[in-house]
Each structure stands twice: as structure tokens, then as C-alpha cells.
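Same order as they appear, the protein sequences are chains V, P, F, W and R.
Positions in the first sequence are counted from 1; adding 608 to them yields the numbering used here.
Positions in the second sequence are counted from 1; adding 608 to them yields the numbering used here.
Positions in the third sequence are counted from 1; adding 608 to them yields the numbering used here.
Positions in the fourth sequence are counted from 1; adding 608 to them yields the numbering used here.
Positions in the fifth sequence are counted from 1; adding 608 to them yields the numbering used here.
Even for Gly, the Cβ is constructed at its ideal location relative to N, Cα and C.
Owing to the predicted nature of the structure, the values given are computational and were not obtained by experimental measurement.
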Amino acid sequence: MNIQRVASDLVATHRVASLAEKSLRVVEDYKGDLEVAVDPVGCKPGDFVITISTSAARHAAGDYRITTDLTIGGIIDHWSEERWRD
Amino acid sequence: MNIQRVASDLVATHRVASLAEKSLRVVEDYKGDLEVAVDPVGCKPGDFVITISTSAARHAAGDYRITTDLTIGGIIDHWSEERWRD
Amino acid sequence: MNIQRVASDLVATHRVASLAEKSLRVVEDYKGDLEVAVDPVGCKPGDFVITISTSAARHAAGDYRITTDLTIGGIIDHWSEERWRD
Amino acid sequence: MNIQRVASDLVATHRVASLAEKSLRVVEDYKGDLEVAVDPVGCKPGDFVITISTSAARHAAGDYRITTDLTIGGIIDHWSEERWRD
Amino acid sequence: MNIQRVASDLVATHRVASLAEKSLRVVEDYKGDLEVAVDPVGCKPGDFVITISTSAARHAAGDYRITTDLTIGGIIDHWSEERWRD
Numbered sequence: 609m610n611i612q613r614v615a616s617d618l619v620a621t622h623r624v625a626s627l628a629e630k631s632l633r634v635v636e637d638y639k640g641d642l643e644v645a646v647d648p649v650g651c652k653p654g655d656f657v658i659t660i661s662t663s664a665a666r667h668a669a670g671d672y673r674i675t676t677d678l679t680i681g682g683i684i685d686h687w688s689e690e691r692w693r694d
Numbered sequence: 609m610n611i612q613r614v615a616s617d618l619v620a621t622h623r624v625a626s627l628a629e630k631s632l633r634v635v636e637d638y639k640g641d642l643e644v645a646v647d648p649v650g651c652k653p654g655d656f657v658i659t660i661s662t663s664a665a666r667h668a669a670g671d672y673r674i675t676t677d678l679t680i681g682g683i684i685d686h687w688s689e690e691r692w693r694d
Numbered sequence: 609m610n611i612q613r614v615a616s617d618l619v620a621t622h623r624v625a626s627l628a629e630k631s632l633r634v635v636e637d638y639k640g641d642l643e644v645a646v647d648p649v650g651c652k653p654g655d656f657v658i659t660i661s662t663s664a665a666r667h668a669a670g671d672y673r674i675t676t677d678l679t680i681g682g683i684i685d686h687w688s689e690e691r692w693r694d
Numbered sequence: 609m610n611i612q613r614v615a616s617d618l619v620a621t622h623r624v625a626s627l628a629e630k631s632l633r634v635v636e637d638y639k640g641d642l643e644v645a646v647d648p649v650g651c652k653p654g655d656f657v658i659t660i661s662t663s664a665a666r667h668a669a670g671d672y673r674i675t676t677d678l679t680i681g682g683i684i685d686h687w688s689e690e691r692w693r694d
Numbered sequence: 609m610n611i612q613r614v615a616s617d618l619v620a621t622h623r624v625a626s627l628a629e630k631s632l633r634v635v636e637d638y639k640g641d642l643e644v645a646v647d648p649v650g651c652k653p654g655d656f657v658i659t660i661s662t663s664a665a666r667h668a669a670g671d672y673r674i675t676t677d678l679t680i681g682g683i684i685d686h687w688s689e690e691r692w693r694d
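Right under this line is the structure:
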């Protein structure tokens, strides 16, 4: 799993049915590279989160039929930009 | 999931049966690296899309027997080259 | 899926039974990095192909019991080195 | 599988139910890049470990319903920073 | 699949039960980056091998319950350092 920071929401009205109505977040890694994750946790921008990839992402979304390859698995209790980039 | 831009269509007449007649698009990331995705959404060149990889790609293609590892999951409503590369 | 070029055949006489007698090809990407793919299509060196990775590779090989993580999915009709590297 | 070193524990109180109460560790590779792994082995910071990714990570966690994509598979008996970085 | 060279054995006495007694090898790619693979073939250091990743690795290990993400699939008959790095 990776440590990423929630950057913003993402709106994709025209989507495949298998993504359902799931909330999508843009997440960034310590280098600033962006990815998109399903958020079953309820995060806000700035939260440091752990993200789950590959087939586990579908199960972590709460319904394995959700066709995501990246899902937010939790909010990290104690983390900071310094610890992240070091 | 990644944020990519549709670059062009891709024609591969001689293909494995498990890709069926699915529409293929060349998609590029913010660095210009190219990949090929199945498009169940109906995109046009220039659209910014979210792409789904690993086993979820097969399910997102609308039929899990389609042997793709990358499928377009939706068209992003508000995105721009500036936001992408920043 | 990725766009790769067939570089050569690969011979591995001593192999796991689950790769069976499948034809193996060395494929290269636009940077010259090499990988090995199962070829159910029948390619020749120089062909530009789309390659399928992860669990879809096994299904694309024509028999999901073939333990490959990369399979050639089709020959691209119109491609060139210029378009690839640009 | 990769060779990584346990850097620290990671606390994520607010997490998806599918990660259960599993112990999480921050692990680093030889370049210092960080990832998060489920630890069914019982490691301490400084241990060199092998980490298992993709769908095998769920099974290695001792319960395939645990939605992890990275799990510590064992502690390496003889390893050193010199051997790692060379 | 990738082309890697067997560098050495790896001993991990304290491991998850799902790796069983399987032989582990440190393998390196042409850049010298190290990974760990299950070896069902019986390789010796210096052998150039093809390695299988993702879910196919478990099946290639001879028992899909073995929780590996990388398995040696065969020994390449004709390969050399020159061909590898070129």
C-alpha cells in the first residue's frame, strides 16, 4: 500500500456503470504524481491516507463488483510532509 | 486509476478472439507515455479520462471475458492540461 | 496494454510445465527495455504489437492455465517508429 | 517479491473494515521509497524482510479477505545494507 | 515476463506458512535491481531466467496456494550479458 495525500475531488459524470456512484478523489504521492482513488472512508483534501491497489482495491471499496484499481484504505493518524519526503 | 488523455484510435485487425470487437484507444499520460485501453464509454481524442488497470479492467469492459488490462472508466468533467501537469 | 515491438524468439527448453509449449517472444518498448511475452497470434520480428499484462494475460493466451503475465493481443495495423517515440 | 526494511509502525485508526485490526508497518526499499505492508510475522524496525504484492498479499496475510496489496512474507536471515545497495 | 539473472540463494527461516519450504532466489535485472523469486525449476547463480509475476506466479510455483508474486518460469537457452544490456 502507498502513502498518498488527498488533493481534491474528481467529477466524472459520464462513467461506466461498474463505478456506480462511488466518490472519487485525486490523490498525490510525495513526488506530486496524481492518481484517482475510490473513497469509502470519507476523506477531505490534505488528509494523508493509505491507498490499496490491484484486486484488493475492489474488495476494499465495500463491494467487489466496483471496478476500481485504487481505494483509500484509511486515514493515517500521525503523518507530516517532513516524514513523507524524508 | 490514472488520468490520461485520449490520443487516437488504434486499429489491430489481427487480434486474439478474447479482445472481440472492442474499440481500442491510444491514451497518453502527462509525460506523453502511450498505452492502449478498451473504450466502453465512447471517447474522442482530447478527452481527459480515468483509466482502470489490473483485473478490474476486465470487469469495467462490460464483460469480464474481455482480456484487457486497461479500460477507460469515465470522462472527467473538469480537467485541463495545466491541472494535469502541475 | 502496451505498444511493443517483437525483437526475437526466445528459447527456454527447461521450463515449468504450466508454460507448456507456448511460443515465447522477446518484445521491446520504445526505450529498448525488454520483456518476454507468450505469442498466440503468430508474430514476426519487427511487428508492432499490443501486449496484455496481469491476469488478463493468462486468459488471452487461449488457456487460462498458461502461467504468463504478458501475452501478445494483436498486431497493430498502422504504426511506425516515429509515431511510437513521439 | 521485494527486499525491504521495516522503518516504523503505522497507525490508521479510521480504516476500512476489511483491513481489520492487522498490524501495519512502513517499509522502505534501498532507495528510501516508502510503502505500507500488513505484518503477520511480527517484525521490528530495522528488520530486512521480503514483501509480497498483488493478490498473493491477501492470501499471505493469513485471511484472503484482508484487503492488502503488500504483506511481509518473512524475515531475511542474513542481509546487510551493503548487500542491499550493491 | 522479465529476463533476470540468478544472483544467490535467500534464506528466510522465519516466514509465513503460505510460502512453505519453497526455495527462494535473489534475481537481478540488467540494471542490477534485486527481487526475490520462488524457484520451482532448480537454478544456479548466473543462470539467465524468465520470471513470472502477478497471479500467474502462484500457479507457476506448482501450487496456487503458494503466496509468491514472482516465480522463475524457465532457464533461457541462449542469452548473454551483451544481449541483455543492449
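Closer than 9 Å, CB to CB, is Ser661 (chain R) near chain F or not?
Numbered from 1 along the fifth sequence, position 53 holds the residue referred to as residue 661 (chain R). So yes, Ser661 (chain R) belongs to the interface.
Counting only C-beta atoms, is Glu629 (chain V) closer than 9 Å to chain P at any point?
Taking the first sequence and counting its residues from 1, the one referred to as residue 629 (chain V) is at position 21. Glu629 (chain V) does not count as touching chain P.
DSSP three-state label for Ser631 (chain W), please.
Position 23 of the fourth sequence holds residue 631 (chain W). Of the three classes helix, strand and coil, the one that applies to Ser631 (chain W) here is coil, per DSSP.
Can you confirm whether Glu690 (chain V), when its beta carbon is compared against all beta carbons of chain P, has any partner nearer than 9 Å?
As a working mapping, residue 690 (chain V) is identified with position 82 in the first sequence. Glu690 (chain V) does not count as touching chain P.
State yes or no: is the C-beta of Pro653 (chain R) within less than 9 Å of the C-beta of Ala620 (chain R)?
As a working mapping, residue 653 (chain R) is identified with position 45 in the fifth sequence. As a working mapping, residue 620 (chain R) is identified with position 12 in the fifth sequence. Going by C-beta atoms, Pro653 (chain R) is not nearer than 9 Å to Ala620 (chain R).
May I ask which residues mark the beginning and end of the beta strand (DSSP E) holding Ala669 (chain W)?
Position 61 of the fourth sequence holds residue 669 (chain W). That residue, Ala669 (chain W), is in no beta strand (DSSP E); it is neither H nor E in DSSP.
Quick one: using the 10 Å Cβ neighbour count with 16 as the cut-off for buried, is Ser688 (chain W) buried or exposed?
Within the fourth sequence, residue 688 (chain W) is the residue found at index 80, counting from 1. The residue in question, Ser688 (chain W), is exposed, as its Cβ has fewer than 16 Cβ neighbours within 10 Å.
Where DSSP assigns a beta bridge to Arg693 (chain W), which residues make up the other side?
Here residue 693 (chain W) is taken as the residue at index 85 of the fourth sequence, counted from 1. According to DSSP, Arg693 (chain W) bridges with nothing at all.
Of all Cβ atoms in chain V, is any one closer than 9 Å to the Cβ of Arg613 (chain W)?
Start at 1 with the first residue of the fourth sequence, and residue 613 (chain W) comes out as number 5. So no, Arg613 (chain W) is outside the interface.
Would you decide whether His667 (chain R) is buried or exposed? Buried here means 16 or more other CB atoms lie within 10 Å of its CB.
Walking along the fifth sequence from the start, residue 667 (chain R) turns up at place 59. Buried: at least 16 other Cβ atoms inside 10 Å.
Test item: CB-CB of Ala664 (chain F) and Thr675 (chain F) under 9 Å:
As a first step, residue 664 (chain F) must be located in the third sequence, where it is residue number 56. As a first step, residue 675 (chain F) must be located in the third sequence, where it is residue number 67. Not in contact: Ala664 (chain F) and Thr675 (chain F) (Cβ atoms no closer than 9 Å).
Helix, strand or coil for Ser626 (chain P)? Go by DSSP, reduced to three states.
In the second sequence, residue 626 (chain P) corresponds to position 18, counting from 1. Correct three-state label for Ser626 (chain P): helix.
Report yes or no: is there a C-beta of chain W within less than 9 Å of the C-beta of Asp685 (chain V)?
Within the first sequence, the letter at position 77 stands for residue 685 (chain V). Output row for Asp685 (chain V): interface = yes.
Between the C-alpha atoms of Arg693 (chain V) and Ile611 (chain V), what's the straight-line distance to the nearest angstrom?
As a position in the first sequence, residue 693 (chain V) is number 85, starting the count at 1. As a position in the first sequence, residue 611 (chain V) is number 3, starting the count at 1. Straight-line Cα distance between these residues: approximately 11 Å.
Top-ranked residue by Cα proximity to Ile658 (chain W), from W:Tyr638, W:Arg673 and W:Gly681
For the purposes of this step, residue 658 (chain W) is identified with residue 50 of the fourth sequence, where counting begins at 1. Minimum Cα distance to Ile658 (chain W) is reached at W:Gly681.
Near Thr662 (chain R), which residues of its chain fall below 8 Å by C-beta distance, leaving aside the five closest residues on each side in sequence?
Within the fifth sequence, residue 662 (chain R) is the residue found at index 54, counting from 1. Taken in chain order, the residues that qualify are Asp677.
Step through the CB atoms of chain W and report whether any lies within less than 9 Å of the CB of Val657 (chain R).
To locate residue 657 (chain R), count along the fifth sequence from 1; it is residue 49. No, because no Cβ of chain W sits closer than 9 Å to the Cβ of Val657 (chain R).
Give the interface partners of Pro648 (chain R) over in chain F, defined as CB-CB distance under 7 Å, in chain order.
Mapped onto the fifth sequence, residue 648 (chain R) falls at position 40. Simply Val624.
For Ile660 (chain R) versus Leu618 (chain F), is the C-beta spacing smaller than 9 Å?
Locating residue 660 (chain R) in the fifth sequence gives position 52, where the first residue counts as 1. Locating residue 618 (chain F) in the third sequence gives position 10, where the first residue counts as 1. No, they are not a contact pair.
Would you call the CB atoms of Val644 (chain R) and Arg633 (chain R) closer than 9 Å?
Within the fifth sequence, the letter at position 36 stands for residue 644 (chain R). Within the fifth sequence, the letter at position 25 stands for residue 633 (chain R). A contact, by the Cβ cut-off of 9 Å.
Using a beta-carbon distance below 9 Å, is Gly670 (chain P) in contact with chain V?
Taking the second sequence and counting its residues from 1, one reaches residue 670 (chain P) at position 62. Judged by the 9 Å Cβ criterion, Gly670 (chain P) is in contact with chain V.
Can you find a C-beta in chain R that's less than 9 Å from the C-beta of Gly640 (chain W)?
Mapped onto the fourth sequence, residue 640 (chain W) falls at position 32. Not one chain R Cβ lies under 9 Å of Gly640 (chain W).
If you drop the 5 nearest sequence neighbours on each side, which residues of the same chain put their C-beta closer than 6 Å to that of Phe656 (chain P)?
As a first step, residue 656 (chain P) is located in the second sequence; it is residue number 48 there, counting from the start. Excluding sequence neighbours, Phe656 (chain P) sits near Arg613, Ile684 and Trp687.
If you run the structure through DSSP and keep just helix, strand and coil, what is Gly654 (chain R)?
As a first step, residue 654 (chain R) must be located in the fifth sequence, where it is residue number 46. Here Gly654 (chain R) sits in coil by DSSP.
So, for Cys651 (chain P): in the same chain, excluding its five sequence neighbours on each side, which residues have a beta-carbon less than 7 Å away from its beta-carbon?
For the purposes of this step, residue 651 (chain P) is taken as the residue at position 43 of the second sequence. Same-chain partners within the cutoff: Val614, Arg633, Val657, Ile680 and Ile683.
For Gly654 (chain F), which residues in chain P fall below 7 Å Cβ to Cβ?
Locating residue 654 (chain F) in the third sequence gives position 46, counting from the first residue. Within 7 Å Cβ-Cβ: nothing; Gly654 (chain F) doesn't reach chain P, min ~15 Å.
Whose C-beta lies closer than 7 Å to the C-beta of Arg673 (chain V) among residues of the same chain, with five residues either side of it excluded?
As a working mapping, residue 673 (chain V) is identified with position 65 in the first sequence. Same-chain partners within the cutoff: Ser626.
Residue-chain proximity (Ala645 (chain W), chain R), Cβ-Cβ < 9 Å:
By one-based count along the fourth sequence, residue 645 (chain W) stands at place 37. Output row for Ala645 (chain W): interface = no.
Less than 8 Å between the CB atoms is what I'm expecting for Pro713 (chain R) and Ala628 (chain R), so what's the real figure, rounded?
There is no way to answer for residue 713 (chain R), as the model of chain R reaches only from 609 to 694.
Have a look at Glu690 (chain F) and Leu642 (chain P) and give me their C-alpha separation to the nearest angstrom.
Against the third sequence, residue 690 (chain F) aligns to sequence position 82. Against the second sequence, residue 642 (chain P) aligns to sequence position 34. Spanning the two alpha carbons is a distance of roughly 13 Å.
Can you name, in chain order, every residue of its own chain whose Cβ lies under 6 Å from the Cβ of Val646 (chain F), other than the five neighbours on each side?
Along the third sequence, read from residue 1 onward, the residue named residue 646 (chain F) stands at position 38. The answer, listed in chain order, is Lys630, Ala669, Thr676 and Thr679.
Three-state secondary structure assigned by DSSP to Asp647 (chain P):
Walking along the second sequence from the start, residue 647 (chain P) turns up at place 39. DSSP places Asp647 (chain P) in coil when its eight states are reduced to three.
So what does DSSP say about Ile660 (chain R), is it helix, strand or coil?
Against the fifth sequence, residue 660 (chain R) aligns to sequence position 52. Looking at Ile660 (chain R) - three-state DSSP - the assignment turns out to be strand.
Other residues of its chain near Met609 (chain V): CB distance less than 7 Å, five sequence neighbours each side excluded
Here residue 609 (chain V) refers to the residue found at position 1 when the first sequence is read from its first residue. Closer than 7 Å at Cβ, skipping near neighbours: Ile658, Thr659, Ile660 and Gly681.
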